[in-house]
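Here the working numbering is used: the first residue of the sequence shown is 250, the next is one more, and so on.
The beta-carbon is built from N, C-alpha and C at its ideal position, and this holds for glycine as well.
In this text the structure is predicted, and so the values were computed from the model without any measurement.
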Amino acid sequence: MLTTLWPDHAHVKYGYTLKEIADYLSIHYTTVSNIVKEVEGGADI
250 MLTTLWPDHA HVKYGYTLKE IADYLSIHYT TVSNIVKEVE GGADI
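Structural data, given as structure tokens:
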């Protein structure tokens, strides 16, 4: 179950890789990584 609104949940809760999420959303995996980091509070963006 991927969701376009919560890629961090797809990664952390459901175990999808950043690449799998990125492919599903048609974005680069680095973008997904930045989203996850920002949501987790670990990014200086």
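Just the Cα atoms here: how many angstroms apart are residue i and residue j?
{"i": "T266", "j": "T280", "result": "13 Å"}
Could you name the residues of the same chain whose beta carbon sits closer than 6 Å to that of residue i, not counting the 5 residues immediately before and after it, in chain order?
{"i": "V285", "result": "D257 and H260"}
{"i": "K268", "result": "Y278"}
Taking buried to mean at least 16 other C-beta atoms within 10 Å of its own C-beta, is residue i buried or exposed?
{"i": "I270", "result": "buried"}
Since residue i is in the alpha helix (DSSP H), which residue starts that stretch and which ends it?
{"i": "K286", "result": "Y278 to E289"}
{"i": "Y273", "result": "L267 to L274"}
Kindly list the residues whose CB is nearer than 7 Å to the CB of residue i, restricted to its own chain and excluding five residues on each side of it in sequence; keep chain order.
{"i": "V288", "result": "D257"}
{"i": "G264", "result": "none"}
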